[in-house]
Each structure stands twice: as structure tokens, then as C-alpha cells.
Amino acid sequence: MRRQNAAFWNNYDTDGWEGKLYDQLTPQKHGEVGICVPESRDSDNLVYLLGVIVENFDKVTPDMITLEVPEATYAVFTTPPVDVTAGGRNGNSTEDFPNAIRQTWKYIFQEWFSNSGYAYDETKLDFEFYDERCHFRPDTVMDIYVPVIKRVIK
């Protein structure tokens, strides 16, 4: 699934979706949300959606999909900074940002949960948030929102 996500991001701006989302929906705050949701109620396949946060769906066009993310308690994780400018410090900047995202997800589920006193809230949705901090900067970061509940100790 992540490989498909990377392919999606490669075409996202060239297909004009970013401009359309902002021009058409006029969100109050800059930032895109990336979220995986089940393809259908009966499917184990996931669909990766990218969108912006809006107050209502009044300006949504028929070629757009709407999704209401239920309120939840979230643990928020920021990826380590990566230089994605041309000629970044390590010379491999365009591949390092997706790797930083993957490593942050790995840390959350392999390390953080086991030591946090929280459990993943499977009734809610996790998502990635990309704002002005991830636009071709030497310190590019993004946030991962993970729904949590207090772990019950027996």
C-alpha cells in the first residue's frame, strides 16, 4: 500500500488536485490530510485518500469524496526533520522523507505503544497531516495522528 501512496503523491500536484482542493474548498487552514480507509464495508483493501479539512461539505464537487473523521483522543508524532531541498545534506533527500515517515510509523507501533500506557483505538481513524512544514524545506517534517485510549491494566 505504501508504494501506491508514493505513486499517488508523485501525481498529486501534476494533476492539479492541490490547486483544485484549495481553490474549490477554501479551507481555513493550509494542510493536507492523508488517510487510509477500507475500500468498502466488506473489503480488507484500503484506499488512500488525500484531502483538506473543511467545516462543511457545501463546496464539494461530484468528483470529490467526503469523509468525516470521528472525534478522538490522538497522540501526535512529528517525523524527524529531513532536508528535501535540491542538493540536500545527504544527497538523497527525495527518498529520505518517505523513509522518515515509515520509520515514525514503525516507532509508534513497535516501541511507543508498548511503553506509553495507551492502546491504539481501533474504532477511530489515524491520519497523516502535511502542512507548510513539508514544502521543500531543509527541515521538512509532518505529523502523524494516532487515535489512542488509556490501556486498561488488569
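Mapping the sequence shown onto our numbering, position 76 (from 1) lands on 202, and the numbers just tick up by one. Note that CB positions come from ideal geometry on N, CA and C, so glycine has one too.
What distance in whole Å lies between the Cβ atoms of residue j and residue i, which are believed to be in contact at a cut-off of 8 Å?
| i | j | result |
| --- | --- | --- |
| Val163 | Val178 | Rounded, the Cβ-Cβ distance is 16 Å, inconsistent with contact. |
| Ala201 | Tyr244 | 6 Å |
From which residue to which residue does the alpha helix (DSSP H) around residue i run?
| i | result |
| --- | --- |
| Glu144 | Trp143 to Leu151 |
What residues in its chain sit with their C-beta under 6 Å from that of residue i, if we drop five residues either side in the sequence?
| i | result |
| --- | --- |
| Cys260 | Thr266 and Met268 |
| Leu176 | Glu158 and Gly160 |
Using a Cβ-Cβ cut-off of 8 Å (strictly less than) and excluding sequence neighbours within five positions of residue i, which residues of its own chain qualify?
| i | result |
| --- | --- |
| Phe235 | Tyr246 |
| Lys185 | Gln150, Leu151 and Thr152 |
| Asn171 | Pro164 and Glu165 |
So, for residue i: in the same chain, excluding its five sequence neighbours on each side, which residues have a beta-carbon less than 7 Å away from its beta-carbon?
| i | result |
| --- | --- |
| Ala198 | Asp247, Lys250 and Pro273 |
| Gly142 | none |
| Phe183 | Thr192 |
| Phe255 | Gly157, Val159, Met268, Asp269 and Tyr271 |
| Asp257 | His156 and Gly157 |
Hey, quick one: how far does the beta strand (DSSP E) through residue i stretch, first residue to last?
| i | result |
| --- | --- |
| Cys260 | Cys260 -> no beta strand (DSSP E), and no H or E assigned at all. |
| Gly160 | Glu158 to Pro164 |
Next item on the list: Pick out the complete beta strand (DSSP E) segments inside the region 169-248, 3 residues or longer, and give them in chain order.
Entry: Counting only runs of 3 or more, we get 172-178, 200-204 and 244-246.
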